[in-house]
Every structure is written in C-alpha cells, then in structure tokens.
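Below is one structure, written out as structure tokens, with a few remarks after it.
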Amino acid sequence: MCCGRENAVKFKSVEALRAAYPDAFKKDGSVDLTNKREIEELPDNWHVTGTLSLRQCTGLTSFPSGLKVDGALDMRRCKNIPEVADDLSVGQSMVLTVNSKVRDLPKHLTVGGSLFLSDLPNLRKVPQGLKVGRDVDIAYCDALVAVDMALDIPGNLSIKKCRSLECVEAEINIGDTLRLIDLPSLKEAAPRARIRGDMIIEECPALAGLDPILYFTEIGGEIRVDDAKVWPVPEPSAPSP
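For the numbering used here, count along the sequence shown from 1 and bump the result up by 397.
Given below as structure tokens:
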C-alpha cells in the first residue's frame, strides 16, 4: 500500500487491501468497497470469486488490469476512471454509471449476465465484439451516435434518452424485446435485426418511417409506436349491424 494525493491510498496487492478493509471481504468471496472514496488504485491481476462493489469509489483514478470477477461488478458513480481494462472478465452482470471520462469500452467485453450503462455522456460507441448473457440497457449516453455492431442478446435491448443517437443499424439477434425510448435524433431503427419478442418505439420524432423495419427486420411479436400497435396490422373492427 502507498499514498498518492492527501488521504488517498494505492493498493499494490490484495493482501494489503484485505488488511486495510477486512470487513469488506465476505465469506462467499464477494468484496464490498462501496463508498471507499480514498482508494485511488487497486491491485492488478485480482480474481474476485464473488461480487465486487466499487460503487461510489470516486477516488479511483485507474482500472486494474487482469481483473476477473466471477459474480457481478458494480461501478456506479466511479466517476474518475478514464477507461476500463481490455482484459476485464465479468461472470454475472456489470453496471457502469455517472462517468464523463470513459469514451470507449473494451472491444471484446464479455459479461455473463446483463450490462447496464447510464449517464456516460462521452461514451462514443458500443463495443464491436460485446457478448452478454442476458440484457443490455443503455441510457443517457449523449455522445453515442450509432449502434452498428453484430450482436447476440439473449434478453432485452433497451436504449433510451441518448439524444445524439441517429441509427440502430446493427445486425442484432434479440431473444426478447427491443425498446427505443426518447431518442430525438433517431432516423433509422434496426433494419437488419432479428427480434423474437416485441419492438417498442416511443418518443422518436425523427424516425423516417417503418418501411425499412417491416421489409428487413424479423419480428416474432408486435411493433408498437407511442403505445399504438402498428404491426401486425390490427384487424378491422366489424361494422355495426
């Protein structure tokens, strides 16, 4: 362990981290460092056999290389991490929110559960080789202009309140529902997607039309626009006798 700025600490080994925060290390292998704002650096090549919470570790200014988390990884409000290491491995879900420094995520990021990204105003793109085990939820990522990767999502894909997003033109296989909510710049939506559930579009005023979706997108459920069902076309009501 060594000191950086005043009251900040850098940990070079897991042993030193455990000695400083013995109560953070749980019997199930999880480590809870929530609100440990004095931590500036964590040890490299760290294997956490449970869940790792770095929630509100606002003093953390670098991301450890070689981090492997068998459980979930919580990085809510880790606002001073400039990037996520390319070799990160997460066995369950991952949450990253409230960070204006992160511009890119690892190209081949693999998350065993769901991925939640929110309030990342400078995130420019979704990783080309992203792999997830369940859902992807993206919100308030205002620098995101396009989602254009090939991606298999077993669960839901939800994109909302990303004000610069113009197109979702990826070749995406979605096991459940696609939700596009409050995207004022969206012009093109999922023309080459395969969606087993519904496609829900709300508050996307710039969307040119639904023809590309109807011609090229495979949808197992319904298309709903601003809470109105538009596909399959509703059966006309029988005239009154």
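In this text, a Cβ means the ideal position worked out from N, Cα and C, and glycines have one as well.
**OP:** Assign Lys433 to one of two classes, buried (16 or more other C-beta atoms within 10 Å of its C-beta) or exposed (fewer than that).
**Re:** Locating residue 433 in the sequence shown gives position 36, counting from the first residue. For Lys433, the number of other beta carbons within 10 angstroms of its own is at least 16, and it is reported as buried.
Original post:
Nearest to Glu566 by CA position, among Ser555, Ala586, Asn553 and Cys559, is which residue?
Top reply: Reading the sequence shown from its first residue, position 169 is the one you call residue 566. It is Ala586 whose Cα lies nearest to the Cα of Glu566.
**OP:** Quick one: which unbroken alpha helix (DSSP H) runs of 4-plus residues sit fully inside the segment 583 to 632? Chain order, please.
**Re:** 608 to 613
**OP:** Quick one: grab the DSSP three-state call for Cys400.
**Re:** Taking the sequence shown and counting its residues from 1, one reaches residue 400 at position 3. Residue placement at Cys400 is flagged as unreliable, the pLDDT there being 49, under the threshold of 50; the coordinate-derived value follows with that caveat. In the structure shown, Cys400 sits in a strand (DSSP, three-state: E or B).
Original post:
Does the segment 518 to 526 come close enough to the segment 466 to 481 that 3 or more CB-CB pairs lie under 8 Å?
Top reply: Verdict: no, contact absent.
Original post:
According to DSSP, which residues form a beta bridge with Ala469?
Top reply: On the sequence shown, position 72 is the one that residue 469 refers to. Note: Ala469 is not bridge-paired with any residue in the DSSP secondary-structure output.
Original post:
Does DSSP classify Leu580 as helix, strand or coil?
Top reply: Taking the first residue of the sequence shown as 1, we reach residue 580 at position 183. Looking at Leu580 - three-state DSSP - the assignment turns out to be coil, as it is neither helix nor strand.
**OP:** Rounded to whole angstroms, what's the CA-CA distance from Lys409 to Asp623? Just pull it up for me.
**Re:** Residue mapping note: residue 409 aligns to position 12 of the sequence shown, counting from 1. Residue mapping note: residue 623 aligns to position 226 of the sequence shown, counting from 1. Computed Cα separation, rounded: 52 Å.
Original post:
For the beta strand (DSSP E) that Val523 lies in, which residues bound it at each end?
Top reply: Numbered from its first residue, the sequence shown carries residue 523 at position 126. Val523: not part of any beta strand (DSSP E); DSSP gives it neither H nor E.
**OP:** Could you give the DSSP three-state label for Val508: helix, strand or coil?
**Re:** On the sequence shown, position 111 is the one that residue 508 refers to. Strand, per DSSP.
Original post:
So what's Leu485 in DSSP terms, helix, strand or just coil?
Top reply: Taking the first residue of the sequence shown as 1, we reach residue 485 at position 88. Three-state result, Leu485: coil.
Original post:
Is it the case that the Cβ atoms of Glu615 and Arg591 are separated by a distance below 7 Å?
Top reply: Here the question's residue 615 lines up with position 218 in the sequence shown. Here the question's residue 591 lines up with position 194 in the sequence shown. By the CB criterion at 7 Å, Glu615 and Arg591 fall inside the cutoff.
Subject >> Residues near Val487 by beta carbon distance below 6 Å, same chain, minus five either side >> reply: Taking the sequence shown and counting its residues from 1, one reaches residue 487 at position 90. Counting only Cβ-Cβ distances below 6 Å, and skipping sequence neighbours, we find Val466, Leu470 and Val508.
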